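Quick notes on the structure that follows.
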Amino acid sequence: MLLEFKWISKYWLFQLLGWGLFIGINIFFAITYNLNDNQFLARLAIYVGIGLLFSHLMRLSIKRIDLLGRSINYQLIGFVIISILFGITIGIIDTYLSLLLNLEYKEEKALQMSQKISSTIFTSFTYLFIWNCIYFIYHYIEQSRKTQLDKLKLEAVVKTLELKTIKSHINPHFIFNALNSIRALIDENPSRAREAVTALGNMLRSSLLSDQQETILLEQELNIVRDYLNLELIRFEDRLDVEYQIEDEVLDEQFPHMMLQTLVENAIKHGIGRSIEPGKISISASERDNIILIKVSNTGSLNSNSSGEGFGLTSTSNRLQLLYGNRASFSIKQIDSNWVEAQIQIQKEIH
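For the sequence shown, the residue numbers in this note's numbering are 3 to 353.
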C-alpha cells in the first residue's frame, strides 16, 4: 500500500507517518489527562516542526559523511554521536522558543534554565535515537536484500553464460574447420591426422565437462589450450606462431575451467583470423606477491578484438567476479601498435 503513493518519496512518506504518529500519541495522552488546550497544541506544533526539520538535516548529515557506507561499529558509534548532537540542538531551541513565546507549563517555570534544557535534550535524544535506529535497521535490511538479490541475479547470469560458452566451444564452425583440416592430413600425414583427432576429442570432452568443474589445475587448462592451438596450427600453418612462458610454480594452482581457452579462442578469431599477415600468440603464467598473473597476447588491434565487448570476454569478467569477487580482475588493452593483451589477475587466499 505504501508504494502506491508514487508522487511522494518513500523517505518523506515515512517521515510524515512517523511524526504524524507522534502527534496522534501525544494528543491521545493529552485528552486522557485533560491537557488538550491551546498551549499544549502550540508546544506540540513547535516541537514537531523542529523535529521534522532537524531529523531531515540529520539524514542529510548521515548521507554527507556516508555513514551507512562505513563498518557496522562505526555506524553505531556515529548514530549515537549524531543523536546526541542533534538532541542538544533541538533541546536548546525548543526550550528558548517556549520561553520566548510564553508557552511554558506551570511546573516548568519553577525549574532552572539548565534543568529545563537538560530535560528537553534527554527527551529529544530519545526520540532521535529511536528515529536513527529505525533508519539504520531499514537501510541494513534493504542493503542485505539488495546484496542477496544481486548475487542471485549474477549467479543466474553466469550460469546462463557458462552454458552458452559450452555451446560456443563445440560450435559447427570450429568442428567443421577442424574436420576439414584433419581430412586434408589423412593421406598427406596420417600420424599427424591421428594426433589431431585426439586433440579434437580432448577439446570436446573438456567442453562438455566444464559445467561439472568450476576450476581445474592450470596445467590441465594449458593442456586444453595446447590441443586447441594444435588444431588451429593445422589450419593456419606458417601464419600462426605460438609462444608459451609458463612458470612451473603456477601449474598446480586452480583456475576457472575453459577460461584460458576462451581468451586464446578470442585472440585467434579477432586477431590472427582477421589478418592475412603471419601472426603470433603469446601465453604467459606467473606468480608475483601471491597474485597469479595470466596473459594472452596476440598481434592485431583492439578494434578487431571487439574492444572487450565480445561474449567470451563478458563471460570471463562475470565468472571471475562470481568465483573470486574483488580478488580477481580482467582487462584487455592495446599495449603497442600491433599487440593486444588480455590479462587476468587472481589474488590467492591467505590461510
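Quick reminder that beta carbons are idealized off the backbone N, C-alpha and C, glycines included. Bear in mind that the values here come from a model prediction, so they are computed numbers and not experimental data.
Nonlocal neighbours in the same chain, by C-beta distance under 6 angstroms from residue i, ignoring five residues either side
| i | result |
| --- | --- |
| Arg194 | Leu187 |
| Gln41 | Leu105 |
| Ala344 | Leu265, Val298, Ile334 |
| Asn28 | Leu46 |
| Ile248 | Ala287 |
| Ile332 | In the sequence as presented, Ile is not what sits at residue 332; that position holds Phe. Contacts found: Thr318, Ser319, Leu322, Ile346. |
| Trp21 | Val50, Leu54 |
| Arg329 | Gln349 |
Status (buried if at least 16 other CB within 10 Å, exposed otherwise) for residue i
| i | result |
| --- | --- |
| Leu103 | exposed |
| Leu72 | Looking at the sequence shown, residue 72 is not Leu but Arg. Classification of Arg72: exposed, given that the 10 Å Cβ count is below 16. |
| Leu322 | buried |
| Ile318 | A small fix is needed here, since residue 318 is Thr in this sequence, not Ile. Buried, since its Cβ has 16 or more Cβ neighbours within 10 Å. |
| Phe88 | buried |
| Gln145 | exposed |
| His171 | Interpretation of His171 is limited by its pLDDT of 49, a score under 50 that renders its predicted location unreliable; the figure taken from the coordinates is listed afterwards. Buried: at least 16 other Cβ atoms inside 10 Å. |
| Leu130 | buried |
| Asn134 | buried |
| Ile2 | As displayed, the chain neither begins before 3 nor continues past 353, which places residue 2 out of reach and without an answer. |
| Asn320 | buried |
| Met115 | exposed |
| Glu234 | buried |
| Leu23 | exposed |
| Ser11 | exposed |
| Gly93 | buried |
| Gln263 | buried |
| Ile83 | exposed |
| Ile218 | buried |
Paired residues, beta bridge with residue i - DSSP
| i | result |
| --- | --- |
| Phe332 | Ile346 |
| Asp338 | Trp341 |
| Thr217 | Pro258 |
Residues near residue i in its chain [Cβ-Cβ closer than 7 angstroms; skip 5 each side]
| i | result |
| --- | --- |
| Glu251 | Glu289 |
| Phe238 | Ile274 |
| Phe81 | Asn134, Phe138 |
| Lys65 | none |
| Ser309 | Summary for Ser309: the model assigns pLDDT 46, below 50, so the residue's position carries little reliability; its value from the coordinates is reported in the next sentence. Nothing meets the Cβ criterion. |
| Glu110 | Lys118 |
| Leu315 | Asn268, Ile334 |
Close-in-space but distant-in-sequence residues of the same chain around residue i (CB under 8 angstroms, 5 per side omitted)
| i | result |
| --- | --- |
| Asp96 | Ile48, Tyr49, Ile52, Thr122, Ser126 |
| Asp240 | Pro280 |
| Tyr76 | Leu69 |
| Asn340 | Thr301, Gly302, Ser303 |
| Asn191 | none |
| Ile184 | Ala195, Ala198, Val199, Leu202, Ile236 |
| Ile337 | Ser299, Glu343 |
Whole-angstrom C-beta distance between residue j and residue i, which should lie under 8 angstroms
| i | j | result |
| --- | --- | --- |
| Val244 | Ala269 | That belief does not hold up - the Cβ atoms of Val244 and Ala269 are roughly 10 angstroms apart, past 8 angstroms. |
| Thr301 | Lys282 | 5 angstroms |
| Glu223 | Phe178 | Going by Cβ atoms, the distance from Glu223 to Phe178 rounds to 25 angstroms, so no, they are not a contact pair. |
| Ala198 | Asn232 | 7 angstroms |
| Ile285 | Tyr246 | 5 angstroms |
| Ile346 | Ile278 | Ile346 to Ile278, Cβ: 30 angstroms. No contact. |
| Leu439 | Leu253 | Residue 439 is absent from the model: the chain starts at 3 and stops at 353. |
| Phe124 | Thr91 | So it is not a contact: roughly 14 angstroms between Cβ atoms. |
| Leu156 | Leu324 | 6 angstroms |
| Glu267 | Ile294 | Going by Cβ atoms, the distance from Glu267 to Ile294 rounds to 21 angstroms, so no, they are not a contact pair. |
Cβ-heavy atom distance, residue i to the ligand COA, below 7 angstroms
| i | result |
| --- | --- |
| Asn204 | The ligand COA is absent from the structure shown, which contains no ligand whatsoever. |
Closer than 8 angstroms to chain D by CB, residue i
| i | result |
| --- | --- |
| Glu289 | Although the question refers to chain D, the structure presented lacks it and comprises just one protein chain. |
Entirely enclosed beta strand (DSSP E) segments - the segment 234–320, minimum 3 residues: 242–248, 256–258, 281–290, 293–301
4 or more residues per run - each alpha helix (DSSP H) lying fully within the segment 82–135: 108–111
Beta strand (DSSP E) runs wholly inside the segment 14–90, at least 3 long, in chain order: none
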